[in-house]
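Participant: Residues in the sequence shown are numbered from 1120 upward in steps of one, following our numbering.
Cβ atoms here follow ideal geometry from the backbone N, Cα and C, with glycine treated the same way.
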Amino acid sequence: MIELAIPRTIFDDEHNQFRESVRRFYEREVAPHHAKWEEDGIVPRALWKKAGEAGFLCATMPEEYGGVGADRMYSTILMEEQSYAGFTGPGFSLHSDIVAPYILNYGTEEQKKKWLPKMASGDVIGAIAMTEPGAGSDLQGVKTTAIRDGDDFIINGQKTFITNGQNADLVIVVAKTDPAQGAKGISLFLVEAGLPGFTKGRNLDKLGMRAQDTSELFFADVRVPADAMLGGQGQGFYMLMQELAWERMQIAIMAVAACEAMLKWTVDYTRERKAFGKSILDFQNTRFELAEIKTETQIARVFLDKCVELVAQNKLDVATAAMAKYWCSDLQNKVADRCLQLHGGYGFMWEYPISRAYADARVQRIYGGTNEIMKELIGRTL
Ligand SMILES: Cc1cc2nc3c(=O)[nH]c(=O)nc-3n(C[C@H](O)[C@H](O)[C@H](O)COP(=O)(O)OP(=O)(O)OC[C@H]3O[C@@H](n4cnc5c(N)ncnc54)[C@H](O)[C@@H]3O)c2cc1C
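(1) In terms of residue numbering, what span does the alpha helix (DSSP H) encompassing Lys1494 cover?
(2) What is the residue span of the alpha helix (DSSP H) that Arg1147 lies within?
(3) Can you tell me where the alpha helix (DSSP H) holding Pro1181 begins and where it ends?
(4) Could you tell me the alpha carbon to alpha carbon distance between Phe1144 and Ala1440, rounded to whole angstroms?
(5) I want to check one thing, is the minimum distance from the CB of Ile1497 to the heavy atoms of ligand 1 below 7 Å?
(6) Can you check DSSP and say which residues form a bridge with Arg1342?
(7) Looking at Lys1325 and ligand 1, is the gap between the Cβ and the nearest heavy atom below 7 Å?
(8) When the Cα atoms are used, what is the spatial distance from Ile1305 to Ala1476?
(9) Where does Ile1291 fall in DSSP's three states?
(10) For Asp1324, report the span of its beta strand (DSSP E) as first-last.
(11) Measure the C-alpha to C-alpha separation of Tyr1357 and Ile1222 and round it to an integer number of angstroms.
(12) Ligand 1 and Ile1305: does any heavy atom of the ligand fall closer than 7 Å to the residue's C-beta?
(13) Using three-state DSSP, classify Thr1502 as helix, strand or coil.
(14) What number of angstroms, rounded off, separates the C-alpha of Gln1285 from the C-alpha of Lys1155?
(15) Give the DSSP bridge partners of Asp1268, in chain order.
(16) If you draw a straight line from the alpha carbon of Val1293 to that of Met1249, how long is it in whole angstroms?
(17) Would you say Leu1213 touches ligand 1, meaning its beta carbon is less than 7 Å from a heavy atom?
(18) Can you look up Ile1423 in the DSSP assignment and give me helix, strand or coil?
(19) Between Thr1195, Asp1268, Gln1201, which lies nearest to Ala1150 when the distance is taken from Cα to Cα?
(20) How should Leu1349 be labelled, buried or exposed, when 16 other C-beta atoms within 10 angstroms of its C-beta is the threshold for buried?
(21) Look at the alpha carbon of Ala1394 and the alpha carbon of Gly1466, and state the distance between them as a whole number of angstroms.
(22) Near Arg1420, what residues of its chain come up, given a Cβ to Cβ distance below 7 Å and the 5 sequence neighbours on each side ignored?
(23) For the 8 Å Cβ check, are there 3 or more pairs between the region 1363-1380 and the region 1477-1490?
(24) In angstroms with no decimal places, state the Cα-to-Cα distance between Asp1449 and Arg1484.
(25) Along the beta strand (DSSP E) that carries Ile1247, what are the first and last residues, could you check?
(26) Mind checking whether the beta-carbon of Asp1456 lies closer than 7 Å to any heavy atom of ligand 1?
(27) Rounded to the nearest angstrom, what separates Tyr1184 and Glu1228 at their Cα positions?
(28) Around the Cβ of Arg1164, are there at least 16 other Cβ atoms within 10 angstroms (buried) or fewer (exposed)?
(29) Taking the CB atoms as reference points, tell me whether Asp1216 and Ser1194 lie closer together than 8 Å.
(30) Indicate the three-state DSSP secondary structure (helix, strand or coil) for Gly1174 in the structure shown.
(31) Take the Cβ of Gly1464 as the centre, count every other Cβ of all protein chains shown within 10 Å, and call the residue buried at 16 or more, exposed below.
(32) Using DSSP bridges, identify the partner residues of Thr1282.
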C-alpha cells in the first residue's frame, strides 16, 4: 500500500502478523479465482470453509462459540486486506461482524451454541434481511409479518437486496409481530434455508460487487418455532439500532482502505505509462491530483483510526459513525473517479482493478443506511 506519513497506532505486533496471513490468504485463495466468481455472481461455499479453517470467520466470537475472542482490530484487518486486494466477492464481514454479533448479543445460550460454531467454521453462511421492495431507508415500514400461531410464528413477506442471500443457510429476518405498531412491532427471527415456504429468488444483477451474491427472498407461510425469535418480542428495532455504529464503521473501514489501494495502483500506473515523452506521473496535473488524493486519504485515515479505537471500546456514538460512513464512502467514490481518469481508456477496462474499484465503490454510499440518512442522523445532534 501507499505509505501514508502519519504512523498508525491502533495495531500491535500480533495484529501485524495476522495481517500478513490474511494477505496471503487473499493472494492464494481469492486472487486466482475472483474474475471467474464475478462471472458466476457468487463465491463458492468451499472458500467459506477455507476461511473458516484459517480462523478468518467470526474471529471476535468467544472461544466457546467457535471464535478466538479476537478484538475488533482483527475484524478491521480482515476488511482492510479485502479492500487492498480489491476483491469484494466474499461477504465475510456481513457474516462475521453483523450477523454473528446479533446472535452473540441477543441469542439464547441454545441459539448461540447451535449457530455460532458452524458460522465460525464456514459450514453455515449468514445473512440479514431487513430491506423489502417497499421499505429500505424507512425500516419501520416493513410489511413482512410474523404472526403467532400456537407455539409457532408464521412468516409472510418478501425481502430484497440481501447480501449472501443465495449462499445463506441462516437469515436473520426482520418482521412485524404486531403490524399495527411501528418500531415497537418489529421482532427478529432466525430462519433456516430450506424451511417449507422459504424460497430464494433471483441472484440480482448488479453494477458492482459482481462476485457477491445479492438476493430476493420470499416467505410464504413459513412456520418457525417460537424459539427462533432472536431477543424479545417487539425488541427488533432496538436491537438493530444498538449495532449500527459498528456496522457503519465497517463500510468506512473498507472505503479508506480502498482509497489507499486505488492511490497505489494509480501511482504505479502513471509512473509506467508514457505520453509526450514522459511519464504521466510527471505532468503537474497528475501530481496535483494524486497529491490531493493522498492528502484527503491521510485525513480520512487519521479520523477513521480514531473512530475504530472508539468503537473497539464501545464508545463510538451513532452520529460520529454516520460521519465516518458518509464521508469516507463519498471520498472513496471521488478517489475512484479521479484515479480512473488518470488511467485513461485502460481505466474503463474491466481487467484493470481501478475499473472494478470504481463500480464497487458506488454502493457504499447507498447500503448500511444511505448517506442522506447519515446526514439526517448527524443533523439531529445539532
Ligand atoms: C449491494 C447491496 C447490498 C445490500 N445488502 C443488504 C442486506 O444484506 N440486508 C438488507 O437488509 N439490505 C441490504 N441492502 C439494502 C440497502 O440497505 C438499501 O438499499 C438502503 O438502505 C436504501 O434503501 P432503498 O434502496 O429502499 O432506498 P430508498 O429508501 O427508497 O431511498 C431512495 C433515495 O431516497 C433517499 N431518502 C430516503 N429517505 C430519505 C430521507 N428521510 N431524507 C432524505 N433522503 C431520503 C435515499 O437517501 C435515497 O437517495 C443492500 C443494498 C445493496 C444495493
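Facilitator: Put simply:
(1) As a position in the sequence shown, residue 1494 is number 375, starting the count at 1. Unbroken alpha helix (DSSP H) run through Lys1494: 1490-1498.
(2) As a working mapping, residue 1147 is identified with position 28 in the sequence shown. Arg1147 -> no alpha helix (DSSP H), and no H or E assigned at all.
(3) Taking the sequence shown and counting its residues from 1, one reaches residue 1181 at position 62. Pro1181 -> no alpha helix (DSSP H), and no H or E assigned at all.
(4) Here residue 1144 refers to the residue found at position 25 when the sequence shown is read from its first residue. Here residue 1440 refers to the residue found at position 321 when the sequence shown is read from its first residue. One C-alpha to the other measures close to 29 Å.
(5) As a first step, residue 1497 is located in the sequence shown; it is residue number 378 there, counting from the start. No, the Cβ of Ile1497 stays beyond 7 Å of every heavy atom of ligand 1.
(6) The count along the sequence shown starts at 1 and reaches residue 1342 at position 223. Beta-bridge pairing links Arg1342 to Ile1273.
(7) Within the sequence shown, numbered from 1, the residue matching residue 1325 stands at position 206. The answer is yes for Lys1325.
(8) Within the sequence shown, the letter at position 186 stands for residue 1305. Within the sequence shown, the letter at position 357 stands for residue 1476. Rounded to the nearest angstrom, the two C-alpha atoms are 36 Å apart.
(9) Working through the sequence shown from its first residue, we reach residue 1291 at position 172. Residue state, collapsed to three classes: strand.
(10) The sequence position of residue 1324 within the sequence shown is 205, counting from 1. Counting along the chain, Asp1324 falls outside any beta strand (DSSP E), and DSSP gives it neither H nor E.
(11) Counting from one through the sequence shown, the residue named residue 1357 turns up at place 238. Counting from one through the sequence shown, the residue named residue 1222 turns up at place 103. Roughly 14 Å between the two C-alpha positions.
(12) Sequence index remark: in the sequence shown, residue 1305 carries index 186 (1-based). No, ligand 1 has no heavy atom inside 7 Å of this Cβ.
(13) Nothing about residue 1502 can be reported from this structure: the residues present for the chain run from 1120 to 1501 only.
(14) In the sequence shown, residue 1285 corresponds to position 166, counting from 1. In the sequence shown, residue 1155 corresponds to position 36, counting from 1. Spanning the two alpha carbons is a distance of roughly 17 Å.
(15) As a position in the sequence shown, residue 1268 is number 149, starting the count at 1. DSSP lists Asp1271 as partners of Asp1268.
(16) Reading the sequence shown from its first residue, position 174 is the one you call residue 1293. Reading the sequence shown from its first residue, position 130 is the one you call residue 1249. When rounded, the distance between both Cα atoms is 5 Å.
(17) For the purposes of this step, residue 1213 is identified with residue 94 of the sequence shown, where counting begins at 1. The answer is yes for Leu1213.
(18) On the sequence shown, position 304 is the one that residue 1423 refers to. For the sequence presented, residue 1423 should be read as Leu rather than Ile. Residue state, collapsed to three classes: helix.
(19) Taking the sequence shown and counting its residues from 1, one reaches residue 1150 at position 31. Nearest C-alpha to Ala1150: Gln1201.
(20) Sequence index remark: in the sequence shown, residue 1349 carries index 230 (1-based). The residue in question, Leu1349, is buried, as its Cβ has 16 or more Cβ neighbours within 10 Å.
(21) Position 275 of the sequence shown, counted from the first residue, corresponds to residue 1394. Position 347 of the sequence shown, counted from the first residue, corresponds to residue 1466. Each residue's Cα considered, the two are about 16 Å apart.
(22) Numbered from its first residue, the sequence shown carries residue 1420 at position 301. For Arg1420, where only same-chain residues beyond five positions count, the Cβ hits under 7 Å are Leu1123, Val1375.
(23) yes
(24) Here residue 1449 is taken as the residue at index 330 of the sequence shown, counted from 1. Here residue 1484 is taken as the residue at index 365 of the sequence shown, counted from 1. Spanning the two alpha carbons is a distance of roughly 7 Å.
(25) Taking the first residue of the sequence shown as position 1, residue 1247 is located at position 128. Taken as a continuous stretch (DSSP letters only), the beta strand (DSSP E) holding Ile1247 covers 1245-1248.
(26) In the sequence shown, counting from the first residue as 1, residue 1456 sits at position 337. Answer for Asp1456: no, Cβ out of range of ligand 1.
(27) Position 65 of the sequence shown, counted from the start, is the residue given in the question as residue 1184. Position 109 of the sequence shown, counted from the start, is the residue given in the question as residue 1228. Each residue's Cα considered, the two are about 10 Å apart.
(28) Walking along the sequence shown from the start, residue 1164 turns up at place 45. Burial call: exposed.
(29) Within the sequence shown, the letter at position 97 stands for residue 1216. Within the sequence shown, the letter at position 75 stands for residue 1194. Yes.
(30) The residue given as residue 1174 occupies position 55 in the sequence shown. DSSP places Gly1174 in coil when its eight states are reduced to three.
(31) As a first step, residue 1464 is located in the sequence shown; it is residue number 345 there, counting from the start. Exposed.
(32) In the sequence shown, residue 1282 corresponds to position 163, counting from 1. DSSP lists Thr1333 as partners of Thr1282.
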